[in-house]
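Q:
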Amino acid sequence: PWYIEVGESIVKSLNLYTRVNGGFASVRDVTSMQLEDHQHSFFLAETCKYLYLLFDDTFWASRNYVFTTEGHPLPVLRDWHDRLPEAYIPSNWTYVKDDMQTRRASSMSLQLCPATMLDSWRPAPPIESACHIPDSRSDHRCLTDEDCGVDSTSCRRRSCSVSGYCGLWQFS
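The sequence shown begins at 1 in UniProt numbering and counts up by one.
1. So, at 8 angstroms on beta carbons, what are the nonlocal neighbours of GLY7 in its own chain, with the 5 sequence-adjacent residues on each side left out?
2. Which of the three DSSP states, helix, strand or coil, is assigned to ASP139?
3. Could you say which of THR153, GLU36 and TYR165 lies nearest to GLY22 if we only look at CA atoms?
4. Can you tell me whether ALA45 is buried or exposed? The criterion is at least 16 other CB atoms within 10 Å of its CB, across all chains shown.
5. Give me the DSSP bridge partner(s) of ARG157.
6. According to DSSP, simplified to helix, strand and coil, what is ASP145?
7. If CYS155 and ASP135 are in contact, beta carbons under 8 angstroms, what's the gap, nearest whole angstrom?
8. Have a look at GLY164, THR153 and TYR17 and flag the residue whose alpha-carbon is nearest the alpha-carbon of CYS142.
9. Any idea which residues DSSP pairs CYS166 with across the strands?
10. Could you check whether LEU168 and ASP145 sit closer than 8 angstroms to each other, using their CB atoms as the reference points?
11. Excluding sequence positions up to five away, which residues of its chain have a Cβ less than 8 angstroms from the Cβ of SER26?
12. Any idea which residues DSSP pairs GLY35 with across the strands?
Structure, rendered in structure tokens:
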């Protein structure tokens, strides 16, 4: 709901301050609200696209997407989080997943907005991105790869090092 309220405020401000006969003008100076006599292409390509996607619920219905900085939708697949690409898995390790074991999930998999997880009154650690799964322990110590989560920046599954810390370890 908070994003919808912000979106409504943006639409109201655009209509109030920048609407002209031919579309929307750029604001030359925000202190005087002086308008320029043109509409930038990024206004339609980015601002209007994001506002449309914000208010169009049908796009999100039973889908799992994130958007690039250019506004292109990319699917978020559970397979990305379940295991690393073969290049990151040493050939001498064996990994067995117990079906009874509880798996942590990303906010995107649970269909939660990361911003709702940032409230200071919640005892849980903050969710940093849509794909982020926190490590089991706040000190990032681990015994197995299952103790490690998914990195919030790269969305790659973290693994347990031989010294017992979760991280993005690259193997040559």
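Yeah, the Cβ is synthetic: ideal placement off N, Cα and C, and Gly gets one too.
A: Per the coordinate set shown:
1. LEU51, LEU54 and PHE55
2. coil
3. GLU36
4. exposed
5. According to DSSP, which records beta bridges pairwise, ARG157 is partnered with VAL150.
6. helix
7. 15 angstroms between Cβ atoms; not a contact.
8. Comparing alpha carbon positions, the residue from GLY164, THR153 and TYR17 closest to CYS142 is GLY164.
9. CYS160
10. no
11. Cβ neighbours of SER26 beyond the five flanking positions: THR18, LEU35, GLU36, HIS38, GLN39, HIS40 and PHE43.
12. In the sequence as displayed, the identity of residue 35 is Leu instead of Gly. Paired residues: VAL27.
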